[in-house]
Ligand SMILES: [Zn+2]
């Protein structure tokens with residue numbers, strides 16, 4: 001250590017999972033708690049974390065450029081949101097009354113609503129419009145305590161618009177303090193012009209989109225909506241295998257509505273993560289476990305759709321020892337919220353996860369779902385200095401006192417980007 005750039009003192013309680021790998025099953029509940037803690041940061045990385053008096057004793061004789069007092073508040077790793085559809089145009093609140101009065105989703109879709117209306121607005125929007133709207137959502141996520149997210153394309157469903165969405169994600173990653181990890185999801189739906197010809201659309205994704213995305217280096221992951229009436233298992237397999245040839249690691253939207261076999265496929269193709277999993281069978285969960293796939297659960301979506309069934313988080317953790325992660329699924333249709341803290345509450349209420357498991361699922365395991373467990377997701381020397389400071393006395397308080405934002409401050413790469421509940425001058429994007 002030559003110099004400490006920032007020393008965060010006065011931490012009432014510091015909570016973190018440990019390690020550079022996802023935490024499996026009962027390990028998810030093992031959280032290290034340090035009361036009276038401090039974190040020392042050097043060049044954007046954590047140099048030391050522990051009891052404040054011990055940290056200060058270790059730093060004797062070392063220059064400390066800046067000290068900030070957390071005022072006795074609680075600190076966790078910066079939260080990670082590993083499944084969002086961040087970049088899109090338009091919104092769909094005009095469909096709310098129809099939905100509430102029971103009009104089936106397929107009827108709304110037939111009237112040009114649903115995902116097709118978002119595709120239409122996203123195709124006509126300029127890159128700047130997409131950037132401005134997504135940037136505002138990223139600000140909101142940051143103020144919730146999120147420091148890294150994943151963002152999927154999939155509202156273009158044409159070469160040109162898929163590339164446009166991914167370029168916006170990259171520009172946001174470059175200009176916004178929140179890190180944005182990109183996933184290509186050209187196979188999110190079958191566009192109107194390919195209605196009834198889904199195999200032809202799969203050909204287009206493989207022949208035109210994948211090479212173009214790879215050539216520009218626009219994505220790390222390739223995702224597909226494997227679902228009845230969308231893309232079947234064989235089509236999904238083709239896309240994910242081809243994606244691998246182009247260096248994109250597979251992810252899959254699996255078993256959301258019908259247990260089609262997406263979880264089995266996830267295990268077979270070596271997917272990094274499988275998403276939703278509302279109807280996954282025991283066999284599917286075994287396949288995820290055998291394939292080291294991270295299940296990403298999205299309780300905000302089942303909540304917002306008014307479903308009475310939820311992903312089997314307890315079985316995943318207790319019986320199958322899976323490394324569960326949580327995410328908002330932020331999108332303009334089934335889950336229009338940037339609030340990871342709402343997801344924390346719903347994971348407690350509907351998935352019966354403990355506060356400790358939820359923290360692991362929103363930090364280290366969420367990082368593993370986007371291939372980042374070695375770099376973020378815990379407060380340990382060497383990891384990126386991404387920290388969230390909460391106005392809360394302990395971990396259980398987050399799901400307990402619900403519906404408000406508990407985040408007091410956020411430190412990203414060692415820089416305070418939100419403090420006293422507002423973005424600092426380094427917090428937002430340059431607009
Ligand atoms: Zn999704």
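In the UniProt record's numbering, the protein residues as written are 1 to 431. All residues carry an ideal CB built from backbone N, CA and C; glycine is no exception. Just so you know, these numbers come straight off a predicted model, no measurement behind them.
(request) On a CA-only basis, which of 220, 35, 3 is nearest residue 70? Give me that one, please. (result) Nearest neighbour of residue 70 by Cα position, chosen from 220, 35, 3, turns out to be 35.
(message) For a test of the three-state rule: what should DSSP assign to residue 125, helix, strand or coil?
(response) Here residue 125 carries a coil assignment [DSSP, helix/strand/coil].
(request) Indicate the three-state DSSP secondary structure (helix, strand or coil) for residue 335 in the structure shown. (result) When secondary structure is reduced to three states using DSSP, residue 335 falls in the coil class, being assigned neither helix nor strand.
(request) Determine the contact status of residue 41 and residue 382, defining contact as a CB-CB distance below 7 Å. (result) Cβ distance not < 7 Å, so residue 41 and residue 382 don't count as in contact.
(message) At a cut-off of 6 Å, would you count residue 329 as near ligand 1, judging by its Cβ distance to the nearest heavy atom?
(response) In this structure, ligand 1 has a non-hydrogen atom nearer than 6 Å to the beta-carbon of residue 329.
(message) Counting C-beta neighbours from all protein chains within 10 Å, is the total for residue 420 16 or more, i.e. buried, or is it exposed?
(response) Here residue 420 is exposed, its C-beta having fewer than 16 other C-beta atoms within 10 Å.
(message) Let me check understanding here. Comparing Cα to Cα, which of 371, 226, 249, 225 lies closest to residue 214?
(response) Answer by Cα proximity: 249.
(request) Less than 8 Å between the CB atoms is what I'm expecting for residue 392 and residue 406, so what's the real figure, rounded? (result) Indeed, because the Cβ distance is near 5 Å, the residues count as touching under 8 Å.
(request) With DSSP as the reference, label residue 9 as helix, strand or coil. (result) Residue 9 falls in the strand class under three-state DSSP.
(message) Suppose the cutoff is 6 Å on Cβ atoms and the five residues either side in sequence are ignored; what does the same chain contact list for residue 201 look like?
(response) Cβ within range, chain order: 190, 194.
(message) Quick check on the DSSP output: the beta strand (DSSP E) that includes residue 81 runs from which residue to which?
(response) Counting along the chain, the beta strand (DSSP E) containing residue 81 begins and ends at 79-81.
(request) Just list the alpha helix (DSSP H) runs in the segment 324-375, keeping only unbroken ones of 4 residues or longer that don't cross its boundaries, in chain order. (result) Along the segment 324-375, the alpha helix (DSSP H) occurs as fully enclosed runs of 4 or more residues at 340-349, 355-362, 364-369, listed in sequence order.
(message) Less than 8 Å between C-beta atoms, sequence neighbours within five positions excluded: which residues of the same chain meet that for residue 302?
(response) A distance below 8 Å between beta-carbons, with the five flanking residues on each side excluded, links residue 302 to the following residues of its chain, in chain order: 278, 309, 310, 311, 350.
(request) Compute the beta-carbon to beta-carbon distance between residue 444 and residue 181, rounded to the nearest angstrom, for a pair I have assumed lies under 8 Å. (result) The chain is shown only over 1 to 431; residue 444 falls outside these bounds and no answer can be derived.
(message) Would residue 386 and residue 78 qualify as a contact pair, given that the criterion is a beta-carbon distance under 7 Å?
(response) Yes; because the gap between Cβ atoms is below 7 Å, this pair is in contact.
(request) Note down the Cα distance separating residue 367 from residue 92, rounded to an integer number of angstroms. (result) Cα-Cα distance, rounded: 30 Å.
(message) Just list the residues that DSSP pairs residue 33 with in beta bridges.
(response) Residue 33 is bridged by DSSP to 15.
(message) Just to confirm the assignment: which complete beta strand (DSSP E) runs, minimum length 3, are found wholly within the segment 174-259?
(response) 179-187, 221-224, 249-254, all fully within the segment 174-259.
(request) Specify the secondary structure class of residue 282 as computed by DSSP and reduced to three states. (result) In the three-state DSSP reduction, residue 282 falls in the helix class (H, G or I).
(request) Determine, using beta-carbon pairs with one atom in the segment 106-124 and one in the segment 230-246, whether at least three such pairs fall under 8 Å. (result) Contact fails: fewer than three Cβ-Cβ distances are below 8 Å.
(request) For residue 321, I'd like the list of residues in its chain whose CB is within less than 6 Å of its CB, leaving aside the five on either flank, ordered along the chain. (result) 24, 25, listed in sequence order.
(request) Give the straight-line distance between the Cα atoms of residue 68 and residue 74, rounded to the nearest whole angstrom. (result) Approximately 14 Å, taken between the alpha carbons.
(request) Note down, in chain order, each residue of its chain lying with its Cβ closer than 6 Å to the Cβ of residue 370, except the 5 sequence neighbours on either side. (result) Excluding positions up to five away in sequence, the list reads 82, 150, 181.
(message) With a threshold of 8 Å, are at least 3 pairs of Cβ atoms found where one atom belongs to the segment 131-147 and the other to the segment 326-342?
(response) With contact defined as three or more Cβ pairs closer than 8 Å, the segment 131-147 and the segment 326-342 are in contact.
(request) List the DSSP bridge partners of residue 150. (result) Under DSSP, residue 150 forms a beta bridge with 181.
(request) Mind the definition here: the segment 45-63 touches the segment 123-130 only if three or more C-beta pairs lie below 8 Å; say whether that holds. (result) In short, these stretches do not touch, since the Cβ pair count stays below three.
(message) Just to confirm before moving on: does the CB-CB distance between residue 287 and residue 264 stay below 7 Å?
(response) Result yes, Cβ atoms of residue 287 and residue 264 sit closer than 7 Å.
(message) I'd like the list of long-range same chain contacts for residue 209, defined as Cβ closer than 6 Å, with 5 residues on each side in sequence excluded.
(response) Result list for residue 209: 159, 162, 186, in chain order.
(request) Go to residue 104, then tell me how far its beta strand (DSSP E) extends in each direction, as first and last residue. (result) No beta strand (DSSP E) holds residue 104; DSSP gives it neither H nor E.
(message) Less than 7 Å between the beta carbons of residue 87 and residue 168, yes or no?
(response) Yes, these two residues count as a Cβ contact at 7 Å.
(request) Tell whether a beta-carbon distance below 7 Å holds between residue 327 and residue 359. (result) No. Outside cutoff.
(message) Tell me the DSSP secondary structure of residue 50 in three-state form.
(response) Reduced to three states, the DSSP call for residue 50 is strand.
(request) Please work out which residues of its chain come closer than 7 Å, Cβ to Cβ, to residue 373, disregarding the five sequence neighbours upstream and downstream, and give them in chain order. (result) In its chain, beyond the 5 residues on either side, 20, 21, 22, 364, 367 have a beta carbon closer than 7 Å to the beta carbon of residue 373.
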